[in-house]
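Read in order, the letters of the sequence shown are residues 1 to 123 in the UniProt record's numbering.
Think of the CB as a built atom: it goes at the ideal place given N, C-alpha and C, for glycine as much as any other residue.
Shown next, in structure tokens, is the structure this report addresses.
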Amino acid sequence: MRLMKSGLTNEEREQYETFAKWLLDVGNGEIGQPNQQNDKDTSWIIIPQQYCLTPGEQGLSELIDFIYDDATLKAPTASALQEKAIVCPKNDTADAVNVKIGMKLFQWAAKQGKQNYFTQWSI
């Protein structure tokens with residue numbers, strides 16, 4: 001999706017293309033070392049540092065800002081928010097993500113004087 005976004009610099013486009021290729025290679029089984037205990041179905045994959053998040057609140061904020069860009073968070077619509085997702089391995093992680101996104105959206109609504117903005121949506 002980011003590769004299709006207009007207004008990317010050449011450097012950003014190259015970074016996104018490199019990540020997309022790496023991700024496809026992982027999915028196609030071209031990257032990784034077979035797991036000694038189950039080499040048929042699993043592999044150990046070393047994730048390059050540039051694709052890793054900073055642990056803690058800062059990393060979560062960076063992830064949210066990457067997925068939910070300024071355009072989405074500054075003028076949110078139900079359809080724009082439904083097009084984006086952060087997949088979490090645990091419910092408490094999903095809860096933390098949802099709280100942080102919710103806070104950003106409600107801060108936006110309060111600044112706009114639209115505290116009831118989200119009650120009109122049926123998601």
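- Our two residues, alanine 96 and glutamate 57, have alpha carbons roughly 10 Å apart in a direct line.
- Per DSSP, valine 87 lies in no alpha helix (DSSP H) and is assigned neither H nor E.
- It is roughly 9 Å from the alpha-carbon of isoleucine 31 to the alpha-carbon of tryptophan 44.
- Judged by DSSP in its simplified three-state form, serine 79 adopts helix.
- As DSSP reads the structure, proline 34 sits in a beta bridge with Ser43.
- Three or more beta-carbon pairs separated by less than 8 Å link the stretch 61-73 to the stretch 94-111, which places the two stretches in contact.
- In the three-state reduction of the DSSP assignment, tyrosine 16 falls in the helix class, which pools H, G and I.
- Beta-carbon to beta-carbon, tyrosine 68 and phenylalanine 19 are separated by about 18 Å, too far to satisfy the 8 Å threshold.
- At the C-beta level, leucine 53 and proline 76 stay beyond 7 Å of one another.
- Restricting attention to Gly7, Ser6, Gln15, Lys74, the CA atom closest to the CA of glutamine 107 is found in Lys74.
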